[in-house]
Amino acid sequence: MSAPTAVAKYDVKDLALADEGKRRTEWAERSMPVLRQIRARFAREQPLKGQKLSACLHVTTETANLMATLRAAGAEIALCASNPLSTQDDVAAHLVRDHGVHVYAIKGEDHETYYGHIASALAFGPDMTQDDGADLVGSLHMIALNRLDDLAPPIRKWVEGLSQAERKALVGAVRGSTEETTTGVIRLKAMAKEGILQFPIIAVNDSNTKHMFDNRYGTGQSTLDGIVRATNLLLAGSTVVVAGYGWCGRGVASRARGAGASVIVTEVDPLPALEARMDGFQVMPMADAAPLGDLFVTLTGNLHVIRPEHFARMKDGAIVANSGHFNVELDLEGLTRIAGEHREVRHLVDEYVVKGKRIMVLGEGRLINLAAAEGHPASVMDMSFANQALAAELIAKEWKTLSKAVHRLPVAVDQEIARLKLQSMGIAIDTLTPEQVEYLASWDAGT
Ligand SMILES: NC(=O)c1ccc[n+]([C@@H]2O[C@H](COP(=O)([O-])OP(=O)(O)OC[C@H]3O[C@@H](n4cnc5c(N)ncnc54)[C@H](O)[C@@H]3O)[C@@H](O)[C@H]2O)c1
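Take -7 as the starting number for the sequence shown in my numbering and just add one per residue.
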């Protein structure tokens, strides 16, 4: 469909930054061989020809490579940020200038601008969307359900200017969406359970070649990278408390141990808690860990994991960061209630004082790997974005037969991405012999 209202063609910090964005995007591209292969095929086959795609993703060098791949496939694209602090302004400029992507993203944008940019991506009138945290798809559903009061004010204002027919056409035009992260998939599955999903979703996060590598190794390394860049903290000899032992938490805990820290894990689920213990970490409730930690990192996808009663027990100088998707894991309102106003003592480091003890909160409690570092290394995003590109192709080809549910990519696609990644790393593996194939398919042979 055509855009319901006229929108500016882009809103980025400064187009003059494009050269640097191009240089850095090309650097990332070197580590993205799987996506490069997909791009070459897409350029030949044009699977997204004529499609309008609105994406709400972290605007990084890796995302720029995904955007270039989708452009090569023939798509027109609008891109907004999935976090106010994660945009790399030079990359945003490069995508506008060199790839003709309508980018609406500025690092550090305020609440009003952030949601205004999501409204611009919606106003693009997409046939397909890509999300990282379900902000875009969530807004489309609020529009579909006429729950305008639940929309962020800048989006509501824009929607109120549309007729009922235009709103219906906006949602009706969307053939499907992809979702990148755990938190988004949780929200979308909740919507599917309520029976309100308006179009099919491909949960990219559910592919093994996504969460086993991106969440674990990507978040593991880049979270510590962000914390170290923000603070210059020495991890060796420190006590690191990791809240949540899911894919991301496992990555952070193991990398922190590798850097010489003692690691404590907090959990609410007995199974990962047991796994953490058997992986060699201490496990205890946050209330007990609070006085022990030098550094706290939340990666749960949950709300208020560190609360005032925990902050009040922390040591002088404790550092607290979040790497879960939303900035809700640390109860910063609660912290402000007990600490009063805070002051910035270093870029991205806010000092709160609780009963004479200083507590440092990093990056306003937002994803620290994107706020203070560069997000995940390109090599791991190669697989995540191979999944995104192939999910977009699947929607373009099969949207008519896909049910309005949360799907994962076929296992064969997941396997193929792993095979290509291994191949790019120069690693060969064994192949099943015919005898082994038969043995594995039978119940009575070889016993
Ligand atoms: N920083 C990044 O770049 C990045 C990358 C991928 C995912 N994420 C986000 O990180 C979060 C975690 O993702 P994941 O894939 O590891 O999820 P996951 O579901 O694998 O793990 C989350 C874990 O947190 C635990 N948990 C829930 N509430 C808790 C609480 N109150 N205290 C302690 N533990 C609790 C759960 O039991 C679970 O084991 C999500 O919000 C996800 O979207 C961030």
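Here a beta-carbon is modelled for each residue, glycine too, at the ideal position from N, C-alpha and C.
Exercise. Compute the minimum distance between the beta carbon of V312 and the heavy atoms of ligand 1, and state whether it is under 8 angstroms.
Key: V312 Cβ: outside cutoff for every heavy atom of ligand 1.
Practice problem: Report yes if the C-beta distance between I351 and V312 is below 9 angstroms; otherwise report no. | Solution: Yes, these two residues count as a Cβ contact at 9 angstroms.
Quiz item: Quick one: Cα of A20 to Cα of L58, how far?
Solution: Counting only the Cα atoms, L58 lies some 11 angstroms from A20.
Quiz prompt | Segments assigned alpha helix (DSSP H), at least 4 residues, entirely inside the region 221 to 264 | solution = Scanning the region 221 to 264 for uninterrupted alpha helix (DSSP H) segments of 4 residues or longer gives 239 to 250, listed from N- to C-terminal end.
Quiz item: Below 8 angstroms, can you find three or more Cβ-Cβ pairs linking the region 278 to 290 to the region 234 to 247?
Solution: Because the criterion of three Cβ pairs below 8 angstroms is met, the region 278 to 290 and the region 234 to 247 touch.
Exercise. Pull up the DSSP beta-bridge partners for F288, would you.
Key: Its beta-bridge partners are V233 and V312.
Quiz item: Tell me which same chain residues have a C-beta within less than 6 angstroms of the C-beta of R63, skipping the five on either side of it?
Solution: Sequence-distant partners of R63 (beyond 5 residues in either direction) whose C-beta falls short of 6 angstroms from its own C-beta, in its chain, are H91.
Practice problem: Figure out for me which residue from E390, L87 and M373 has the closest Cα to the Cα of Y2. | Solution: Selection E390, L87 and M373 evaluated against Y2 yields L87 as nearest (Cα-Cα).
Quiz item: What's the gap between the Cα of V200 and the Cα of A265?
Solution: Per the sequence shown, the amino acid found at residue 200 is Asn instead of Val. Those two C-alpha atoms are separated by around 22 angstroms.
Quiz item: With burial defined as no fewer than 16 other Cβ atoms inside 10 Å of the residue's Cβ, what is the status of A381: buried or exposed?
Solution: A381 should be labelled buried.
Exercise. Just the C-alpha distance for D342 and H334, rounded to the nearest angstrom, thanks.
Key: Those two C-alpha atoms are separated by around 6 angstroms.
Quiz item: Can you give, in chain order, each stretch of the alpha helix (DSSP H) that sits fully within the region 103 to 142 and has at least 4 residues?
Solution: Correct list: 103 to 115 and 127 to 136.
Quiz item: Does the Cβ of S395 have 16 or more other Cβ atoms within 10 Å, making it buried, or fewer, making it exposed?
Solution: Under this definition S395 is an exposed residue.
Quiz item: For V232, which residues from the same chain have a beta carbon less than 6 angstroms from its beta carbon, with the 5 sequence-adjacent residues on both sides left out?
Solution: Setting aside the 5 residues that flank it on each side, V232 is surrounded in the same chain by A248, A253, V255 and L287, each with a C-beta closer than 6 angstroms to its C-beta; the list follows chain order.
Practice problem: Would you mind reading off the limits of the alpha helix (DSSP H) that contains T55? | Solution: Boundaries of the alpha helix (DSSP H) harbouring T55: T53 to A64, taken from the DSSP string.
Quiz item: What is the DSSP secondary structure of V166, reduced to helix, strand or coil?
Solution: In the structure shown, the three-state DSSP call for V166 is coil.
Practice problem: Answer with yes or no whether the minimum CB distance from Q122 to chain D is below 9 angstroms. | Solution: Chain labels in this structure do not include chain D; a single protein chain is all it has.
Self-check item: Residue burial classification, K202 (beta-carbon count within 10 angstroms, cutoff 16)
Solution: K202 sits buried, since 16 or more C-beta atoms from the chains shown fall within 10 Å of its C-beta.
Practice problem: Indicate the three-state DSSP secondary structure (helix, strand or coil) for A378 in the structure shown. | Solution: Shown here, A378 sits in a helix according to DSSP, grouped into three states.
Quiz item: When the distance is taken between beta carbons, is E158 closer than 9 angstroms to V196?
Solution: In this structure, E158 does not lie closer than 9 angstroms to V196 by Cβ.
Practice problem: With hydrogens ignored, establish whether the beta-carbon of D260 is closer than 8 angstroms to any heavy atom of ligand 1. | Solution: It is worth fixing the name first, because residue 260 is Val in this sequence and not Asp. Correct: V260 has its Cβ closer than 8 angstroms to ligand 1.
Quiz item: Just to confirm, does W239 get its C-beta within under 8 angstroms of one of the non-hydrogen atoms of ligand 1?
Solution: Between ligand 1 and W239, a heavy atom-to-CB distance of less than 8 angstroms is present.
Practice problem: With DSSP collapsed to three states, give me the class of M270. | Solution: Three-state result, M270: helix.
Quiz item: Can you name the start and end residues of the alpha helix (DSSP H) that A279 belongs to?
Solution: Segment M278 to A281, the alpha helix (DSSP H) holding A279.
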